[in-house]
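In the working numbering, the protein residues as written are 5 to 933. All residues carry an ideal CB built from backbone N, CA and C; glycine is no exception.
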Amino acid sequence: MKEKYGMLKNIGFNTEKHEALTLNEINFSQIEINLFTNGVLFELDQLRRQHGASLRYLLKWSFQLLSIKDDLCDNNIRKLNFGLRKLYKVKLNLSKTRNGTYHNRKNEFLNKVYCNYPNEIIVDSNESTENSTVNKETLTKLENAFNKVTIQSKVTKTENTKLKIENINREKIIQNLEKKLKMSTNAKKNNHGSTMKRDAKKNIHVLKTNIKSLEKRLLLEKMHIKTVKTICRMEKKRLNGKIKYWEDLNDRTIDLTTESKNGQYTFNSQTDQCVMDLLDCGLSFEKVGPAIKNVLCMCGLRSKDDRYPKKDYVSNCNMRRLAISQVQTAEICTAAANQTLYTDETRKFGETFSSFITTDENKTPFLLGLKQMSNKAAQTQLDTLKSILNDIETRIKCLVDQNLQTSTSFNILKNIKYTMSDRAATEIVFNQLLKDYREKLLKEHVEKYDDLPDVEKDILSRMYNFFCGLHLTVNIADVINKVFMQTKNIEDFDSDFSHEKAGEADILRALRCVCKAFAVGGDEKCGTSLEFKTYLNRNDIKTVDIKPFHGNRFNIVFHNGGTAFHLRDYIHKFLTEVKSEGHVSKLNGLLRAVLKSIKVPEIITGFRALGIFNKFITTPLLKVLENKSTHIFDMNQRYQTLVTYLENVSVDLERTQELLTGEYVPFPDIAIKKDDVWASLVHSENDAPCAALVEMCSSVCKALKDKVADHLEDGQFSGNHETDREQFSSVLPHNKLPEMVFGQLDWLLRHRPNASKIANEAHIMYNMNRTANWLQQKDDEKVEELISWSKKNLKSMKETEKLRIQELDSKLRQISIDKENRTKALAAKSKERKESLTQEIVKLGFWDKKGVVNAKLKKLKTQTAKRNALKTQINFRNYVLEQKADIKYFRVTKYQRQTVTINQLKTNLLTLISMTTNNCESRENRSEE
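Here it is as structure tokens:
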């Protein structure tokens, strides 16, 4: 029965929707009676038109032919007639269409209408690729059904041939009977002739009737054969179309995975490289998989079995990027000579980080590593560098060979000839420790190092230390702060809201208040940056160039000073007329402090002096330092020119006046931006800044002579080094590279606070070293080898990082314990000192009046006894009573490198006594009031 069902389906019956025959092997539900495809229905109607038969008759004939029970009703016949009318209507509409050729319209009719069942839904070409998976079993069933139809067609042809032969035989029999009839007529002319003739005619009539029946049957068989051929041709075309469609779908899938040795599926190296490149573009771990999926969909592709990288796998790929970057660093840094090492450390969210960067002679930077440290000590920094180099060497050993002839760490350090850092004390000590460690490695790895001449030893072990030029602006700002501190305190300046910092001048505190109030991101609670910006836009000032102090270090004081001087009048009008609405009492504490500060002439004069320094000295110097074409030896002339310029301004009043107007500048070849701020600075009629500028230039000149002494005349680098320019070409005149790394680290820590330290290091190192470009230059086999190796090395990397974190945690714990022990020791020592001083005071008595001091000193005969007594009294007030006073009054041995005499001790004690008396009187007066 199943074979009959397959045959019925292939000649046009919709077996899944036949209510009488339960052809569906899975679901045997009763469905509608639509039995034929549109094509079969169309062919039956053509037969009906040609032979004048009714549609009911042809359907019954079809049922009898296929041995199906006749179960047709009038309602079903009407449905088929309605389907025919719709079929002819579609064909008519296609014939009226002018667009396209007749062949295209015919194909469109056949593809969309002719070969489908009347109630079959035509699948759109844009159906989801998820439902178009190739069903090989369905293709096999369809092919088997098609083969069965072909066999049935051959059987039908054989039967037709037999019928033709039978018809020919019967015609021969009729001819023989006619001959016999004639012979019998001629031979027998008797009484029985008429009877035999009548019987012969009857036989002839029967035979002719049989012949007509056979002819009619033969005609029906021919029609059946023609119909079967048409159905076979249609089904073949339909099957070929579906096979082609499913083959196209199979060709549009891409396999992102590969089978591992243990039989599991993992992503291949091309997918891993794609993930690494997407991470390099800044995508988060969660977005990498959807990004790959969306791009494949745009290209008309999809992943096989819908496998895409998940968050955990992407996180592991990010960690593997560190190993690949370390291989790149080892390959390049061991080959490039005359490299420069840039070092710096910083604190981010309570944790200490250190970065180590090298540059080659093309000034291409390579990050060696970015690690967390337990403290900022120079020895800790050197240990961190050793750990980074050891990790790189471990990676190379795992990749290349376990027995390398030379150490990778030594090869990297051997090529480092120069260092660049700031002038912090820890960096200076680190440079010396690094030089000693490098010399130690030279003795271990260079054959017969001790037997070499001293000249060759000096060439191999010599290292040159350079210091950052950008940090000079910070040093200059500190020098100018000291100059402002020498002036008297500004009485009109309200410092209650400015959070007074020890050692900060009133002018700089006023500038800090202005920046908090009007800089974007300054003070979010008390500031008014948006309203002030709107007010300036109303007055045709499009940009507010006040920057917050947080996040800006170099030149920020000078830049904001000039901008605040330019906007002083707008600030005053905004606070008095707009923000306060005519009532200054409505302003908060910060804005009141700003309003008072801009009314003080000394503060405005300081702002102008800072702005002039910014426009004509510090900004041009920064442009020179950050210029990529600037060689480190080019700074010799620049620094010498700047020192000479500052000397001239500090001693020559005319030069000072020319500085105020912008006519005399240190670097004439550097263009100065002549904007509105410049116009306000040079066109002001107030010459009060002259005195401040003279003092500022004089102090800065002295500081520069000390800071950049190596680049000035008779300095270490002041000689004729034109022949050495190529050797020193890797040295940048600044230490901005570590600052750039710390900026990226700060962003990652703020936006990805839960990311591990090694994940942040991998991201920054892969991005800064441009490892992706380095991989693109490698062969495909080498890239696949590196990526596969990084996957195998992932477990050891995680274990190493885990051990490093445990070691760091133990160091931090030990530091905390040591600090606690030192605190306890200091507390015990302080307690012992207080007890000793108290016992001595009990013996000597407490001297709280001038007369008591004089009387007690007269009783002491020796100078030593007097000195010791005065020391005891002063120390008792300092350590036991904890009296508040200037530190110079508590110095009992030396002050400013000079020995304190007995008279000075006595004067200091009397001063402390008078201060105590005055404080007591003032408290009594307040209590009486």
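Check	Outcome
What residue does the alpha helix (DSSP H) around phenylalanine 617 start on, and which one ends it?	605-617
Answer yes if the stretch 739-751 comes into contact with the stretch 767-774, meaning at least three C-beta pairs across the two stretches below 8 Å, and no otherwise.	yes
Which value, in whole angstroms, describes the spacing of the CA atoms of histidine 715 and lysine 706?	14 Å
Between leucine 753 and threonine 876, what straight-line distance do the alpha-carbon atoms span, to the nearest angstrom?	53 Å
Can you tell me whether DSSP reads proline 369 as helix, strand or coil?	strand
Flag this pair as yes or no: are the beta carbons of proline 369 and methionine 772 separated by less than 8 Å?	yes
Report the rounded CA-to-CA distance for asparagine 879 versus arginine 826, giving the unit in angstroms.	22 Å
Isoleucine 511 and glycine 610 look like a contact to me (Cβ under 8 Å); what is the Cβ gap, rounded to whole Å?	4 Å
What are the residues that DSSP puts in a beta bridge with phenylalanine 357?	Thr350, Gln376
In three-state terms, what does DSSP make of arginine 221?	helix
Since arginine 442 contacts methionine 467 with CB under 8 Å, what's their CB separation in whole angstroms?	7 Å
Is there contact between the stretch 378-396 and the stretch 423-440, where contact requires at least three CB pairs shorter than 8 Å?	yes
Below 8 Å on the Cβ atoms is my contact criterion, and I expect serine 792 with serine 273 to pass it. Report the Cβ-Cβ distance as a whole number of Å.	6 Å
With DSSP as the reference, label threonine 921 as helix, strand or coil.	helix
Tell me which residues share the same chain as leucine 614 and place their Cβ nearer than 7 Å to its Cβ, disregarding the 5 neighbours each side in the sequence.	Val561, Phe562, Gly565, Gly566
Beta-carbon within less than 8 Å of serine 499's beta-carbon, same chain only, minus the 5 sequence neighbours each way: which residues are those?	Reliability fails at serine 499, whose pLDDT of 49 lies under 50, so the model's placement of it is uncertain and the value that follows must be treated cautiously. Same-chain partners within the cutoff: Asp510, Arg513, Ala597.
Our contact map puts alanine 873 next to leucine 914 with C-beta atoms below 8 Å; I'd like the distance itself, whole angstroms only.	Not really, about 14 Å apart at Cβ, beyond 8 Å.
Which same chain residues end up closer than 8 Å to aspartate 49 when comparing Cβ atoms and leaving out the 5 residues on each side of it in sequence?	Leu59, Leu88
Secondary structure at threonine 866, three-state DSSP: helix, strand or coil?	coil
Three-state secondary structure (DSSP) at serine 584?	coil
Please report the distance separating the alpha-carbon of glutamate 397 from that of glutamate 263.	31 Å
Tell me the DSSP bridge mates of leucine 2?	In the structure displayed, the chain extends from 5 to 933; residue 2 sits before or after that span and is not available.
Measure how close the beta-carbons of arginine 516 and phenylalanine 488 come, nearest whole angstrom, since I'm counting them as under 8 Å.	Not really, about 13 Å apart at Cβ, beyond 8 Å.
Could you name the residues of the same chain whose beta carbon sits closer than 6 Å to that of threonine 580, not counting the 5 residues immediately before and after it, in chain order?	none
Give me, in chain order, the residues of the same chain whose beta-carbon lies closer than 8 Å to that of lysine 860; leave out the 5 immediate sequence neighbours on both sides.	Leu848, Gly849, Trp851, Ala873
Tell whether a beta-carbon distance below 8 Å holds between isoleucine 420 and threonine 412.	no
Counting Cβ pairs, one atom from each stretch, are 3 or more of them under 8 Å apart for the stretch 773-783 and the stretch 330-341?	yes
Under three-state DSSP, which class holds histidine 270?	Note that residue 270 is threonine in the sequence shown, not histidine. Of the three classes helix, strand and coil, the one that applies to threonine 270 here is strand, per DSSP.
Suppose the cutoff is 7 Å on Cβ atoms and the five residues either side in sequence are ignored; what does the same chain contact list for isoleucine 279 look like?	According to the sequence displayed, residue 279 carries valine and not isoleucine. Only Val292, Pro313, Val318, Cys321 meet the Cβ criterion.
Under a Cβ-count criterion, where at least 16 other Cβ atoms within 10 Å of its own Cβ denotes burial, should tryptophan 682 be classed as buried or exposed?	buried
Just grab the DSSP bridge partners of lysine 898 for me.	Thr903
Can you tell me whether DSSP reads arginine 572 as helix, strand or coil?	helix
Helix, strand or coil for arginine 324 per DSSP?	helix
Rounding to the nearest angstrom, what Cα-Cα distance links lysine 439 and valine 712 in this structure?	21 Å
Could you please give the first and the last residue of the uninterrupted beta strand (DSSP E) stretch that includes phenylalanine 470?	468-471
Mind checking whether threonine 665 and valine 698 have CB atoms under 8 Å apart?	no
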